[in-house]
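Report on one structure; see the data block that follows.
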Amino acid sequence: MSAIDDAIEGRLEIEFEYDGHARVVQPCAHGSHVTTGNNVVRGYQVGGTSNSRRPPLWDLFKLDKIHGLVVTARTFPTNPPGYVLNDSHMGKIYSQLT
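For the sequence shown, position 49 matches number 35 in the working numbering, and the numbering has no gaps at all.
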């Protein structure tokens, strides 16, 4: 099990750098992208910055572009708004919120 999977199971926020931006994310699902096969994380970004929008926002993050991953001790007891089980952008899901 990966640190991402542990964070999803424990409902723990994660922090990382992605495309040059520091991000704080509630990870919701980890799997392989349905068309590219890339390992991805579906997450609800609650802090930090983004190239295109201001948090809070949903995004799909490629694992190979995540740098400096930290699993925090901050929990999120409820699913983020708009969370959908069995993400249709993932061909195979390794872990997800229930």
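Note that beta-carbon positions come from the ideal geometry of N, C-alpha and C, so glycine has one too.
Would you tell me roughly how many angstroms separate the C-alpha atoms of residue i and residue j, rounded to the nearest one?
i, j, result
"residue 21", "residue 48", "13 Å"
"residue 8", "residue 50", "15 Å"
"residue 78", "residue 25", "9 Å"
"residue 55", "residue 68", "24 Å"
"residue -9", "residue 1", "14 Å"
"residue 31", "residue 17", "18 Å"
"residue 37", "residue 75", "21 Å"
"residue 64", "residue 83", "10 Å"
"residue 42", "residue 62", "14 Å"
"residue 10", "residue 58", "10 Å"
According to DSSP, is residue i part of a helix, a strand, or is it coil?
i, result
"residue 5", "coil"
"residue 34", "strand"
"residue 39", "coil"
Just curious, the beta strand (DSSP E) that residue i is in, first and last residue?
i, result
"residue 45", "43 to 48"
"residue 68", "Unbroken run through residue 68: none, as it is neither H nor E."
"residue 81", "76 to 82"
"residue 58", "53 to 61"
Taking the continuous alpha helix (DSSP H) assigned at residue i, which residues delimit it?
i, result
"residue -6", "-11 to -4"
Suppose the cutoff is 6 Å on Cβ atoms and the five residues either side in sequence are ignored; what does the same chain contact list for residue i look like?
i, result
"residue 60", "-1"
Would you mind stating whether residue i and residue j have Cβ atoms separated by less than 9 Å?
i, j, result
"residue 53", "residue -5", "no"
So, at 7 Å on beta carbons, what are the nonlocal neighbours of residue i in its own chain, with the 5 sequence-adjacent residues on each side left out?
i, result
"residue 13", "-10, -7, -6, 0, 27 and 29"
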